[in-house]
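Here the structure comes first, spelled out in structure tokens, and everything after it is commentary.
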Amino acid sequence: MKRVEPDLDDRAWLMRQMRYLAAFVACVAVGVLSCQNDAETAAGGDATVKHLPPPGAAMPRWQPALHDTWQWQLQGVLNTGYDVSIYAVDLFDAPQPTIDALKARGLRVVCHFSAGSSEEHRPDHGRFKRADMGRPLGHGPGERWLDIRSESVRAIVRDRIALAKARRCDGVVPDHVDAWVHDTGWDLDAAAQLEFNRFLAGEAHASGLAVGLKNDVAQVEALAGEFDFALNEQCFELEACVAYQAFTAVGKPVFNAEYATRYVQNLQGERAALCAAARRAHIRTMVLPRALDGGVRYSCD
């Protein structure tokens, strides 16, 4: 699948944001009081991150509702014409004018990024240490599992969350947060994954962002109290939807994407049956292409 590259203006904006974040972190580390101005200067004067609250101060954040509807597209020209309340987009590739236009319409934007893998095409890929990159995921060239115990990896993840805040995202969906059940190259257990996922939730909340739990079905019950919503792939196909009662029972939404061809073809009413089951379970379900490129969309809402 050929990736659709962001245009040059968006690339430049992203690079300025990454320079801003690097400068801000550096000057905070040495106690400089004028961090905001210094970082903005390093970024070329175009930073959008605002002054941070005092340490320990609570930041208000959006909490998605059980009845919220959604669209999820990570590749291609974003189709923003759907009557939904939430758009889930790629943290790096979604054009800033598109995000701003969605926000101007009163819609919420959730930004998707990988927290558990490195991807060669990302602008901050060079920051990952070779020792922190494990075995390939098999999803495509240039993507490897990360050692989620590494402080260096966590520093990059923190900056990605800060970038989401700078880009005006209302929430984040960190991906590949189920490394413990995969062949990563490290001996990661359930406890290590829980600790990392709680770290992600804490960092997002500290930035005033909602955070969604992506897959990791085996740990849903343990993590439902710390995440604001869940995003699953194929929970009906894999007969795993029952686990998400831990979210829906307390009013937290679950967004689910199904990819099976039979739901697209709908030759014997398969899609109607799927949607009936989704409504009974209070799970917001769509049938989408696995590439998440906007090519197909059937919503159960």
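If you read the sequence shown in the UniProt record's numbering, its first letter stands for residue 1, the second for the next number, and so on.
Where is the CB? At the ideal position from N, CA and C, for every residue including glycine.
Comparing C-alpha distances from R105 to each of C111, G81 and A277 shows the shortest one belongs to G81. Judged by DSSP in its simplified three-state form, G295 adopts coil rather than helix or strand. No Cβ-Cβ contact shorter than 9 Å links F255 with W62. For R108, DSSP records a beta bridge to I86. For G126, no beta strand (DSSP E) encloses it, and the DSSP letter there is neither H nor E.
The Cβ atoms of R167 and C235 do not sit closer than 9 Å to each other. Boundaries of the alpha helix (DSSP H) around A204: A190 to A206. The bridge partners DSSP lists for E233 are A257. Ranked by Cα distance from G116, the first of K214, P141 and K165 is K214.
Shown here, T98 sits in a helix according to DSSP, grouped into three states. Nearest neighbour of L274 by Cα position, chosen from D301, P289, P253 and K252, turns out to be D301. Of M59, D159 and P64, the smallest CA-CA separation from V250 is found for P64.
Cβ neighbours of A192 within its own chain (closer than 7 Å, five residues either side excluded): I148, R149 and W180. In the DSSP assignment, Q71 falls outside any alpha helix (DSSP H) and within the unbroken beta strand (DSSP E) covering W70 to W72. In the assembly as shown, V242 is an exposed residue. Its beta-carbon has fewer than 16 other beta-carbons within 10 Å. Between A204 and V172, the C-beta spacing is below 9 Å. CA-CA distance, S118 to G185, rounds to 14 Å. In terms of Cβ geometry, D132 and S152 form a close pair [threshold 9 Å].
Closest in C-alpha terms to Y244, from the list R160, A260, R108 and V220, comes V220. At a Cβ-Cβ threshold of 9 Å, F196 and V211 do not count as neighbours. Rounded to the nearest angstrom, the gap between the Cα atoms of G142 and P136 is 8 Å. Scanning the stretch 110-189 for uninterrupted alpha helix (DSSP H) segments of 4 residues or longer gives 151-166, listed from N- to C-terminal end. From the listed residues V109, D100, R198 and R130, the smallest Cα separation to R144 is found for R130. For L274, the secondary structure class from DSSP, reduced to helix, strand or coil, is helix. Here L231 has V173, G212, K214 and F255 as same chain residues with Cβ atoms under 6 Å from its own Cβ, once five neighbours each way along the sequence are excluded.
Residue burial is scored here from C-beta neighbours: L267 has fewer than 16 other C-beta atoms within 10 angstroms and is therefore classed as exposed. In the DSSP annotation of this structure, T285 is not part of any alpha helix (DSSP H); the continuous beta strand (DSSP E) holding it starts and ends at R284 to V287. In the three-state reduction of the DSSP assignment, A243 falls in the helix class.
V211 sits in a strand when the DSSP states are folded into three classes.
The beta carbon of L107 lies closer than 8 Å to those of V84, S85, I86 and Y87 in the same chain, with the five residues before and after it left out. Between W72 and L238, the C-beta spacing is not below 9 Å.
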